[in-house]
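In full-length UniProt numbering, the protein residues as written are 1 to 93.
Okay, here's the thing in C-alpha cells:
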C-alpha cells in the first residue's frame, strides 16, 4: 500500500515538474519578446514626416489635436506623447 502511494506521489510530482518546465520553456523561447522601440524626438518636425517615421518603426500614430503656436511652423509637431527616449512596444499608439 505504501509503495503504491509513493509511486503515485512520484508520478504527480514528475507531471508537475514536466508541466512547469514546459511552461517556462514556452514562455522563454517560443514566445519571443520583441525589443522595445525608443521613441524618437519629433517635436518641431513636419507632421507628414513624423507619421512616416513612426509607421516605419512599427508604431501606430494619432494626431490628437491641432493648435496654433507662434514658435513652431504650421503642420509641425508641437508636443508628443510618449516623450522622446521612452521605450515602448511595437504596435502601441
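From the three backbone atoms N, C-alpha and C, an ideal C-beta is built for every residue, glycine too.
Can you tell me whether DSSP reads residue i as helix, strand or coil?
i	result
residue 37	strand
residue 75	coil
residue 81	coil
Around the Cβ of residue i, are there at least 16 other Cβ atoms within 10 angstroms (buried) or fewer (exposed)?
i	result
residue 39	buried
residue 25	exposed
By alpha-carbon positions, which one of the options ends up nearest to residue i?
i	options	result
residue 50	71, 84, 18	84
Looking only at DSSP bridge pairs, what is residue i linked to?
i	result
residue 98	Nothing can be reported for residue 98, as the shown portion of the chain is limited to 1 through 93.
residue 46	76
So residue i packs on residue j, CB below 8 Å; how close in whole Å?
i	j	result
residue 72	residue 47	Not really, about 11 Å apart at Cβ, beyond 8 Å.
residue 77	residue 42	5 Å
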